[in-house]
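Written below as C-alpha cells is the structure these notes are about.
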Amino acid sequence: MKHHIPRYSCSRAWMDNGGPHCIGFGGLRVDDAVEDALLGVVGPGAIAAATAAAREAGERRDQVRDALSRDLEAARHAADRAFRQYDAADPANRLVAGELEARWNRALAHAAEIEGKIAMQDAATPAPVADPASLGALASNLKTVWNAPTTDARLKKRVVRTLIHEVMADIDDAASEIVLIVHWVGGVHSEIRLPKRRRGQRNSTSANIIQAVRRLVLIASDDLIAGLLNRNGLKTGNGNRWTRERVTSMRSNYRIPVFKPAEDGIEPWLNLSNAAKLLKIAPRRSGSPPKPPRSKPSIRYRTARGSCSRLADNSCSSIYRRTSATESKIPHGITSRSEKSLLFNNIDRWVF
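Those letters in the sequence shown? Residues 16 to 367, by the numbering used here.
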C-alpha cells in the first residue's frame, strides 16, 4: 500500500534471496474487474435473494414471538397456581404462608420479565419489506448501491468471502495483459484479462471531455469552458472541479488550439445567445431554433467556414452551426471514481 493505493506483487524471490519482485501491478483496476464480476454473479438473483432473506427473517421473528408467547402463558399459569396455593394455606401457619407468598411473587416477576421481552421484540420488528417492484428497481441499480458510502464495508467483505475462494494472477507479457482466474466457491472458474496500465492512465482525463473541449474552443474561452464543464457535473481525472488553469493545461497536453476571436469580427461559430443577439430575436433554451421572418426570405448556402443565411436585403447573418444532426453533444454524468475500500484483501489467497 503506497499513497493509499493498493498494489499486488509476488515477493517470494525478495523474501528468500533478496531478488526483485517477479510480478507486480496496481490493485485499483484489478479490484474494479473482480468487483464487476462479483456484481455480475449477484445481480441476476438479487431480487429472489432479497425476497427469500426477508421471508426467512420474518419467519425467525415469528418463531421467537411464538416461543415467548408460550413462555408467558406458562409463567401466568404458574403464577395463578402459586396464588391458589397461597390462598388455600392456613394463615395461622405463618411459615408455610410466607413460603407460598414468596413463590407467588417469584412467579409474578417471571411473568413480568417475559412480558418485557415480548414488548422489546415487538418494538424491534423492522418495517415490512418493500414491494417486488421497488426491489426490482433496487436490483437494477445494484452497482450504485454497492458503491454508496452508506453501504457497510463489512457486509461487502462478507459477500466477497462467501462467493470467492481465491484469485490467481499472472502477467501475459506477449499480450501485455494481466490475467486473473477467479475461483468461485461453487467450483466454477472465470478468466479476466486486463490491459496493463500505463503510467498516469488511471487519472487521465476522459476521452469524452477531451472531445467536448475540442468543440467548445470554437466558441468559448478557457474560463467559459471551465464553467460549462462544472455546470454539467464533469470532473478532472483526479475528481477535481475545472478551472481556467486546468483547462489550459489539458489543452496544452492534448494540443488543442486556444479560442481566438475572428479578426474580421465574423465568428465562424456562435453560441445560442450570440446568435439570437445577432438576429435580434429572443433566445430559446429548448426546441428547434426559430425560423427567419417571412418578410425576409433567406437563401442558405455553404461556405468554407460553415453555413450562412443570406437575407433578402443582402445582409449575411453569419450564423455557423453544426451541419450534422448526429454529432454528439457534451456528455453528461461523467464523474470521477472515488477510492474504493480494500474489499479483496480478505480473499483466502491470491496465487501468483
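The beta-carbon is built from N, C-alpha and C at its ideal position, and this holds for glycine as well. The structure displayed is predicted, hence computed values, not measured ones.
Return the chain-ordered list of same chain residues with a C-beta closer than 6 Å to the C-beta of residue i, the five sequence neighbours on each side being excluded.
i	result
A90	H125, A126, I129
V194	D185, D187, R208
G39	S24
Y101	L115, E116, W119
A93	A122
D237	R259, V262, T263
A222	none
G34	A28
N329	In this prediction, N329 scores a pLDDT of 41, lower than 50, which makes its location untrustworthy; the coordinate-derived value is nonetheless stated afterwards. Hits under 6 Å: none found.
D31	none
Rounded C-beta distance between residue i and residue j? I'm assuming under 8 Å.
i	j	result
T220	T251	6 Å
A104	V111	5 Å
P298	L287	5 Å
Q136	R80	6 Å
Beta-carbon within less than 8 Å of residue i's beta-carbon, same chain only, minus the 5 sequence neighbours each way: which residues are those?
i	result
A48	L195, I207, L209
I271	I225, V228, R229, V232, M265
H36	S24, C25, S26, A28, W29
A319	The predicted position of A319 is uncertain, since its pLDDT is 38 and thus under 50; no value can be drawn from it.
P106	A112
L178	L53, V56, V57, W199, V200
T341	The predicted position of T341 is uncertain, since its pLDDT is 39 and thus under 50; no value can be drawn from it.
With distances taken from CA atoms, which of the options is nearest residue i?
i	options	result
R261	A190, N245, R70	N245
V174	E50, H36, T66, A67	E50
I240	V273, N268, G254, Y269	V273
K211	D77, A64, L157, E192	E192
N289	L249, T166, I234, L243	I234
V203	E181, A222, N223, A190	E181
S84	E71, G131, G41	G131
L87	I133, E278, N223	I133
M183	S205, L294, A163	S205
R256	D31, G242, Y269	G242
A371	G73, N32, D31	In this structure the chain extends from 16 to 367, so residue 371 is not present and cannot be described.
E62	D31, N156, N108, A82	According to the sequence provided, residue 62 is Ile. The question's Glu does not apply to it. Among D31, N156, N108, A82, the Cα nearest to that of I62 belongs to N156.
Leaving out five residues before and five after residue i in sequence, what residues of the same chain have Cβ atoms less than 7 Å from its Cβ?
i	result
F98	W119
K158	L54
R96	none
A291	A297, P298
A67	none
At which residue ranges does the stretch 27-79 contain complete beta strand (DSSP E) runs of 3 or more residues, listed in the order of the chain?
39-41
Any contact of the stretch 50-65 with the stretch 197-207, i.e. 3+ C-beta pairs under 8 Å?
yes
What ranges does the beta strand (DSSP E) occupy inside the stretch 164-242, keeping only unbroken runs of at least 3 residues that lie completely in it?
179-187, 192-199, 204-210
For the stretch 85-112, which segments carrying the beta strand (DSSP E) assignment without a break, of at least 3 residues, lie completely within its bounds, in sequence order?
none
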